[in-house]
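Down below is the structure, laid out as structure tokens.
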Amino acid sequence: MKFVVALCFLLAVAYVASAEGSQETELKNLESPEQARACVGTKEICTEGDDCSCCGEFDMCDCNNPNERGVCRCKYAMIYTRVKKMLSC
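Residues -19 to -1, 1 to 70 (mature numbering (1 follows the signal peptide of the UniProt record, and there is no 0)) make up the sequence shown, in order.
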């Protein structure tokens, strides 16, 4: 019986801690919306030659789109792009 009570208490503490963490993240996003919009997601339009404008570790700005000439979009790339972004961004 004591084990069940202790387990319930630990689960309640873990729930409260996770709820506070998500509230802190939301507050940080509200405080600096320009940082949240600093990069764009996969398949979004990006700046040519600027892999740093794409969000994510493996995303790169690709301008070789046969269906959209002259339009660059972020695409998921291989691990070498991650290393390249770590060095340049």
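We treat Cβ as the ideally placed atom computed from N, Cα and C, and that holds for glycine.
Just so we're clear, the structure is a prediction, and the values are computed from it rather than from any experiment.
C-beta atoms of residue i and residue j nearer than 8 Å
i     : j     : result
Cys53 : Cys42 : yes
Asp32 : Lys56 : no
Straight-line gap, residue i to residue j (C-alpha atoms, nearest Å)
i     : j        : result
Val21 : Thr28    : 10 Å
Phe39 : Lys(-18) : 49 Å
Glu25 : Pro47    : 16 Å
Ser69 : Arg63    : 10 Å
Ala19 : Asn45    : 23 Å
Ala17 : Arg50    : Unreliable placement is indicated for Ala17, whose pLDDT of 46 sits below 50; the coordinate value is still reported in the next sentence. The alpha-carbon atoms of Ala17 and Arg50 are separated by roughly 28 Å.
Met67 : Ser34    : 13 Å
Closest residue to residue i among the options (Cα-Cα distance)
i     : options             : result
Thr23 : Met67, Arg63, Ala58 : Ala58
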